[in-house]
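Residues in the sequence shown are numbered from 435 upward in steps of one, following my numbering.
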Amino acid sequence: MDKMRILITGAAGFLGSHLCDRLLADGHEIIGMDNFITGSPDNLAHLAGNPRFSFIRHDVSNFIFVPGKLDAVLHFASPASPNPTSPYGYVNLPIQTMKAGALGTHNTLGVARKNHARYLLASTSEIYGDPLEHPQKESYWGHVDPIGVRSVYDEAKRFAEALTMAYHRFHGIDTRIVRIFNTYGPRMHLDDGRVVPNFIQQALRNEPLTIYGDGTQTRSFCYVDDLIDGIVRLLYSDEHLPVNIGNPNETSILDFAHLINQIVGNQAGVQFKPTQRLEGDPQRRQPDIQRAKEILGWQPRINLEDGLKQTIAYFKYKMNLPS
Ligand code: NAD
Ligand code: UDP
435 MDKMRILITG AAGFLGSHLC DRLLADGHEI IGMDNFITGS PDNLAHLAGN PRFSFIRHDV
495 SNFIFVPGKL DAVLHFASPA SPNPTSPYGY VNLPIQTMKA GALGTHNTLG VARKNHARYL
555 LASTSEIYGD PLEHPQKESY WGHVDPIGVR SVYDEAKRFA EALTMAYHRF HGIDTRIVRI
615 FNTYGPRMHL DDGRVVPNFI QQALRNEPLT IYGDGTQTRS FCYVDDLIDG IVRLLYSDEH
675 LPVNIGNPNE TSILDFAHLI NQIVGNQAGV QFKPTQRLEG DPQRRQPDIQ RAKEILGWQP
735 RINLEDGLKQ TIAYFKYKMN LPS
């Protein structure tokens, strides 16, 4: 792959910062953009002084100006946590979430068009809503309540996909769409309320793990390094239709809690909290990754226990606990 000059929005976030690291390691020049609404400069601190990295503090909902020629634009800026108990949850940032998905996608597509650059949209498994098809293939149209509390995220991403395809079909922009499934790893927010940070911190404090509902709902957790590898393969490919990237190994939230307790050595068990579940919390979620296997030659390699150990080490560091 030729060396590219790449704009990454959401660069100070969990996934955006890992993407910066990986694409810098591949030899590209990166311009990160973020307004820190849910991200943190800490995630990029290690890149200070790197001559191939620069940063622009900016809200992507407003017109974007980046000096110089760009070869690629990767749009990752958006709140991403569904948890209503967190100040970072998109339910508590509803307008900003819709603007990042709608106006932010429009503005970043405009930047790609002006530069004749390739474009990659970070979409989500949430566009499938509370799925009636299982596992979810890219051909599934989804089951989304357009006015439910989750709709600010789901519908913004669905609009973002539609706009990306419109720019591809009408303006001939070289676009890609990745549908990201649940991902975990170092640099996740400690307090964004998602299940991985909640469970790990509770386990490290020797508290019971809070299970929303009966814990039979499932998720399929992908370690961040695997996910980033899939996204970069998609970026380097010529595929224009959406591709699921995630780990197909499905686990119930209850089994997941037991595994974290076992790795950490937490004896406090679990606690069921029926009132905490967000309306529309999907009961099952598992990607069908056949297309990613065929088109990108990609599949996840890191097993859940190894990935959790890496993530737990990061949380210990952030919580000032001995390693
Ligand atoms: P994150 O909150 O850690 O990162 C998002 C970043 O975008 C943050 O740094 C935030 O400050 C920035 N941002 C938000 N709105 C902005 C705006 N208007 N202007 C500039 N910057 C803005 O979340 P993440 O988990 O890294 O998610 C990154 C992307 O991946 C999002 O688009 C999300 O929808 C998508 N995604 C993530 C997951 C996952 O499991 N983490 C799953 C599916 C999709
Ligand atoms: N969950 C839980 N306890 C927590 C946080 C989340 O049982 O402390 C559940 C949540 O209800 C959902 C699953 O874990 O069924 C994954 O939630 P998360 O917030 O990580 O994101 P989602 O997969 O819903 O986007």
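Just so it is clear, CB atoms sit at the ideal spot from N, CA and C, and this is done for glycine as well.
query, result
"CB contact flag (V771, G538, <8 Å)", "Here the chain covers residues 435 to 757 and nothing more, so residue 771 does not appear."
"Own chain, CB closer than 7 Å to Q717, minus 5 neighbours either side, in chain order", "D564, Q651"
"T652 - DSSP class collapsed to helix/strand/coil", "strand"
"Nearest-angstrom Cβ-Cβ length linking I611 and D505, presumed shorter than 8 Å", "I611 to D505, Cβ: 19 Å. No contact."
"Between the CA atoms of H568 and P580 - distance to the nearest angstrom", "21 Å"
"K750 versus H480: straight-line alpha-carbon distance, rounded", "19 Å"
"Burial state of M467, where buried means 16 or more other Cβ atoms lie within 10 Å", "buried"
"Whole-Å CB distance - G619 paired with T745, under 8 Å assumed", "5 Å"
"Beta-carbon contacts of E641 that lie in its chain and below 7 Å, excluding the five residues immediately before and after", "A702"
"Distance between beta carbons of G473 and G444, contact taken as under 8 Å", "7 Å"
"Length of the line joining the Cα atoms of T617 and N477", "17 Å"
"Cα-Cα separation between L661 and I679, rounded to whole angstroms", "6 Å"
"Sequence-distant residues of its chain with Cβ nearer than 7 Å to L597 (five each side left out)", "T539, H540, L543"
"7 Å Cβ shell around T558 - same chain, five flanking residues per side excluded", "K591, R613, I614"
"Segment limits, beta strand (DSSP E) that includes E684", "684 to 686"
"First through last residue of the beta strand (DSSP E) which encompasses M467", "463 to 468"
"Selection from P485, L693, G523, T531 that minimises the alpha carbon distance to N737", "L693"
"N695 versus K548: straight-line alpha-carbon distance, rounded", "51 Å"
"Alpha carbon of P528 to alpha carbon of R639, nearest angstrom", "32 Å"
"Environment of P485 [buried if 16+ CB atoms lie within 10 Å]", "exposed"
"Heavy atom of the ligand UDP within 7 Å of N616 beta-carbon", "yes"
"Run of the beta strand (DSSP E) containing H509, from where it starts to where it stops", "506 to 509"
"Distance, Q705 Cα to I465 Cα", "44 Å"
"Residues of its chain near A600, where Cβ-Cβ distance is below 6 Å and the 5 sequence neighbours each way are ignored", "none"
"Best match in H509, D588, G649 for proximity to P516 [C-alpha to C-alpha]", "D588"
"Inter-residue spacing [alpha-carbon to alpha-carbon] between P708 and E673", "42 Å"
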